[in-house]
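J.: Residue numbers (my numbering): 54 to 469.
Virtual Cβ for every residue (Gly too), placed ideally from N, Cα, C.
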RNA sequence: GGAGAGGUGGCCGAGUCCGGUUGAAGGCGCAUCCCUGCUAAGGAUGUAACGGGGCAACCUGUUCGAGGGUUCGAAUCCCUCUCUCUCCGCCA
């Protein structure tokens, strides 16, 4: 949800239109908002009269009452009518306003998909290894897509053997980094209520990407971001304790609707995977620093894993409604000869906090918190990149240096 | 899964049976001031959030777990939902 008060500011509006907001919709919201104010005033006036009259009945003597009650009934009738009209307008305004995106930050480039700015490139673009990640995963006995499909369907896989140890090593290693930076580790619920999906901004837009459990009215989260966002719903945070940084580890479930035929090999895109996610509640004036911190951590992880990657400042037109700015980290995937997204981090400013009603107490009142999120380790996908960059000519896998002490493995050979 | 008890302001806790000066007693905490040589103790006053209008003093609306209903009027009555606690059963 955006701040309607800022809507008349041309710069705010421009930032919104850069993200593709329909100018007609903006105008409509402006008009509804002004009508809303007028009508609110009128309704409150009536309500005041109604309240006053009712209070007098309480004080009146028994024989005065019938006349007063009748008079109050008339005011009530007017009020009921005005409230109905106001309620309808209020619903219209909310519905329209919810569609408006958070304006893009000034440092975000114009354009749409593939028009982001590459802000950093690290490492080269190595030639494809003998086997792509999918073939290698089968070869070394780590990934079994066929069995996954048999048991659960397409886009499900079994991860077995040393891959599991390496996955856990990745998580353990990265979690240690995050804790050292003041992140509080969290294993959140992965089944959440519908209201939580709405508040976190995933419903109704992304409803089709989410698995539901109709019998219990619960939904499987596509990312730990959802339950992490829920941790401070309706809270009034103490500014002294901010920023609050959380490292959430959870399984993620995605229907991947509309991706038929895309990334069908291996475990690049699956319905279920584990992820270590970062989430920050920040005071308004610190959120841009926190955003850079998230990027710094993501880059450090890739640097230490010695993966070649680039960082993209995503273009305005390609940002989701909630983000003012987003960096994607893309690792070079040799078998495809392309950079593919591995992690990303976004600053939502107060867009999400407004819906979650999470405020920060300040000296003179309160302000909405800012929320940010970023991927630390998307476990399965990270394994994909590792399988391509760390497979050796002899068909073995050389465990990245930083993970060795976490899994107790140096080199892994296929089963005999 | 069965039975019961509860959710009131930053916290604790009255009020709910019998609806009306109760946005809500009292206490704790907090803030300012007074008293005191200092500390302890004591005294006075103040102390919810969020929205709307106004340059402002201020005016006004909403909120007693959530939503709906009855009523001129609901913390109080009715319905639905939700969460917490206790007991029984079951269980990784």
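Would residue 72 be called buried (16 or more neighbouring beta carbons within 10 Å of its own) or exposed?
T.: Here residue 72 refers to the residue found at position 19 of the first chain. With 16 or more other Cβ atoms within 10 Å, it is buried.
J.: Which runs of the beta strand (DSSP E) at least 3 residues long sit entirely within the segment 247-288? Give them in chain order.
T.: Restricting attention to beta strand (DSSP E) runs no shorter than 3 residues, the segment 247-288 encloses them at 271-273, ordered along the chain.
J.: Could you give the first and the last residue of the continuous beta strand (DSSP E) run that contains residue 412?
T.: Counting from 1 along the first chain, the entry for residue 412 is found at position 359. Looking at the DSSP string, the run of the beta strand (DSSP E) that includes residue 412 is 412-415.
J.: Between 215, 252, 242 and 467, which has its C-alpha nearest residue 448's C-alpha?
T.: If you number the first chain from 1, residue 448 lands on position 395. Comparing Cα-Cα distances from residue 448 to each of 215, 252, 242 and 467, the minimum goes to 467.
J.: Note down the Cα distance separating residue 155 from residue 189, rounded to an integer number of angstroms.
T.: If you number the first chain from 1, residue 155 lands on position 102. If you number the first chain from 1, residue 189 lands on position 136. One C-alpha to the other measures close to 42 Å.
J.: Which partner residues does residue 426 have in the DSSP bridge list?
T.: For this step, residue 426 is matched to residue 373 along the first chain. Residue 426 is bridged to 332 and 399.
J.: Spell out the partners DSSP gives residue 198 in its beta bridges.
T.: Mapped onto the first chain, residue 198 falls at position 145. BP columns for residue 198 are empty, so no partner.
J.: Quick check on the burial criterion: 16 or more other C-beta atoms within 10 angstroms. Buried or exposed for residue 350?
T.: If you number the first chain from 1, residue 350 lands on position 297. Under this definition residue 350 is a buried residue.
J.: Could you give the distance in angstroms between the alpha-carbon of residue 67 and the alpha-carbon of residue 288?
T.: Mapped onto the first chain, residue 67 falls at position 14. Mapped onto the first chain, residue 288 falls at position 235. When rounded, the distance between both Cα atoms is 32 Å.
J.: Using only CA atoms, which one of 192, 235, 230 and 229 lies nearest to residue 214?
T.: Here residue 214 refers to the residue found at position 161 when the first chain is read from its first residue. Considering only alpha carbons, the answer is 192.
J.: Please confirm if the segment 338-350 is in contact with the segment 302-318, defined as three or more CB-CB distances below 8 Å between the two stretches.
T.: no
J.: Would you mind listing the beta strand (DSSP E) stretches within the segment 172-218 that are 3+ residues and don't spill past its ends, in chain order?
T.: none
J.: Sorted by chain position, which residues of the same chain lie with C-beta nearer than 6 Å to residue 407's C-beta, five sequence neighbours on each side aside?
T.: As a position in the first chain, residue 407 is number 354, starting the count at 1. Spatial neighbours of residue 407 in its own chain (CB-CB distance under 6 Å, excluding positions within 5 residues in sequence) are listed in chain order as 54 and 421.
J.: Look up residue 419 in the DSSP assignment and give the residues it is bridged to.
T.: Walking along the first chain from the start, residue 419 turns up at place 366. Paired residues: 414.
J.: Taking the CB atoms as reference points, tell me whether residue 150 and residue 290 lie closer together than 8 Å.
T.: As a working note, residue 150 is residue 97 in the first chain. As a working note, residue 290 is residue 237 in the first chain. Not closer than 8 Å, so no.
J.: When the Cα atoms are used, what is the spatial distance from residue 85 to residue 76?
T.: Numbered from 1 along the first chain, position 32 holds the residue referred to as residue 85. Numbered from 1 along the first chain, position 23 holds the residue referred to as residue 76. Rounded to whole angstroms, residue 85 to residue 76 spans 14 Å at the Cα level.
J.: Report buried or exposed for residue 430, applying the criterion of at least 16 other Cβ atoms within 10 angstroms of its Cβ.
T.: Here residue 430 corresponds to residue number 377 of the first chain, with the count starting at 1. So residue 430 ends up on the buried side.
J.: With a cut-off of 8 Å, do at least 3 Cβ pairs link the segment 170-180 to the segment 78-97?
T.: no
J.: Let me know the secondary structure DSSP gives residue 234 once reduced to three states.
T.: One-based indexing of the first chain puts residue 234 at position 181. Three-state DSSP puts residue 234 in coil, outside helix and strand.
J.: Report yes if the C-beta distance between residue 283 and residue 375 is below 8 Å; otherwise report no.
T.: Mapped onto the first chain, residue 283 falls at position 230. Mapped onto the first chain, residue 375 falls at position 322. Taking 8 Å as the Cβ cut-off, residue 283 and residue 375 do not qualify as a contacting pair.
J.: Looking only at its own chain, which residues have a Cβ that is under 6 Å from the Cβ of residue 459, when we skip the five neighbours before and after it?
T.: Residue numbering aside, residue 459 sits at position 406 when the first chain is read from its first letter. For residue 459, where only same-chain residues beyond five positions count, the Cβ hits under 6 Å are 222, 225 and 226.
J.: From residue 130 to residue 147, what does the alpha carbon distance come to, in whole angstroms?
T.: Mapped onto the first chain, residue 130 falls at position 77. Mapped onto the first chain, residue 147 falls at position 94. Cα to Cα, the separation comes out at about 26 Å.
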